[in-house]
Amino acid sequence: MPTFRVTVVNAEFSAWEDHNLPSLDAARKQGLKAALAMGSDEVCRGKPFFGAEILVEADGDLASRSVVSIGTSPLQ
């Protein structure tokens, strides 16, 4: 099973983890889950917006790059 390095990074932090996953698609999904969990925590703590870049590397090469954002706004 291939090893993918999944990195979630924004202006305030950088976190990465190596995963043995069956495919690049599975690694992308893992990164998305991690970023959404981090963003949900930040928004629940009162931050109005969270944005981060998700990088997936395979064999030391960049295989996927995406951006996730989570925000909240009061309804009137």
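With the sequence shown counted from 1, adding 40 to any position gets you the working numbering. We put the CB at the ideal spot given by N, CA and C, even for glycine. This one's a predicted model, so the numbers in the text were calculated from it and none came from an experiment.
{"Check": "Near G111, what residues of its chain come up, given a Cβ to Cβ distance below 8 Å and the 5 sequence neighbours on each side ignored?", "Outcome": "V83, P88, F89, F90"}
{"Check": "Select from A74, A51, G86, S106 the residue whose C-alpha is nearest the C-alpha of D58.", "Outcome": "A74"}
{"Check": "At which residue ranges does the stretch 46-85 contain complete alpha helix (DSSP H) runs of 4 or more residues, listed in the order of the chain?", "Outcome": "64-84"}
{"Check": "Here's the rule: buried if 16 or more other CB atoms are within 10 angstroms of the residue's CB, otherwise exposed. What is V107?", "Outcome": "exposed"}
{"Check": "What is the DSSP secondary structure of T112, counted as helix, strand or coil?", "Outcome": "coil"}
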